[in-house]
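Take a look at the structure set out below.
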Amino acid sequence: MTYKPLQLVALKPDLRSSQGTTIQRGLAVRFLRVMALITLDVVALTLAWELATRYGTPIKSPWLEYSSFQVLTFAVEISILGAKGLYKAGWNRRNYVSLFKAISLAVIILLLIAFLYEPNSYVSRSNFLLFW
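Counting from 1, position 45 in the sequence shown corresponds to residue 1178 in this note's numbering; the numbering is continuous, with no gaps.
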């Protein structure tokens, strides 16, 4: 029986080896793009919130009195947009149907939170509709 030596040229390098560990190219650019998109979304949400409170039904509501509810609103909106993959590169950023679904889901979740927070309190529907 004859043994043939293995050719080392045909072997692929091990993924765990430290030779090939490098930071991905363009990682900083992608991170800056995502941060810019999140910042623009927060600015747009702030503008929508201000327009909804200005032109909506004037009512005394904890959603308008406390700024923590505004932070909760932004956190829910941004996290749902991120979970839907709308901050990824390419076609995902221009998927307007998915964007509409994500915003609608966020508004439904926020209405559920508002109802569970104070079920006897009146939540201004016009504020939520204008914000949506």
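Using N, Cα and C, we set each Cβ at its ideal position, and we do this for glycine too. Keep in mind that this is a model prediction, so the values were computed, not measured.
Looking at C-alpha atoms only, which residue of 1223, 1245, 1235 is the closest neighbour of residue 1166?
Residue 1166 has its Cα closest to that of 1223, out of 1223, 1245, 1235.
Which runs of the alpha helix (DSSP H) fall wholly inside the region 1146–1206 and span at least 4 residues, in chain order?
Here the runs fully enclosed are 1160–1188, 1195–1198.
Quick check on residue 1210: does DSSP put it in helix, strand or coil?
Three-state result, residue 1210: helix.
How about residue 1264 and residue 1181: do their beta carbons lie closer than 8 angstroms?
Their beta carbons are under 8 angstroms apart, which means residue 1264 touches residue 1181 by this criterion.
Could you tell me the distance, in whole angstroms, from the CA atom of residue 1240 to the CA atom of residue 1213?
Rounded to the nearest angstrom, the two C-alpha atoms are 10 angstroms apart.
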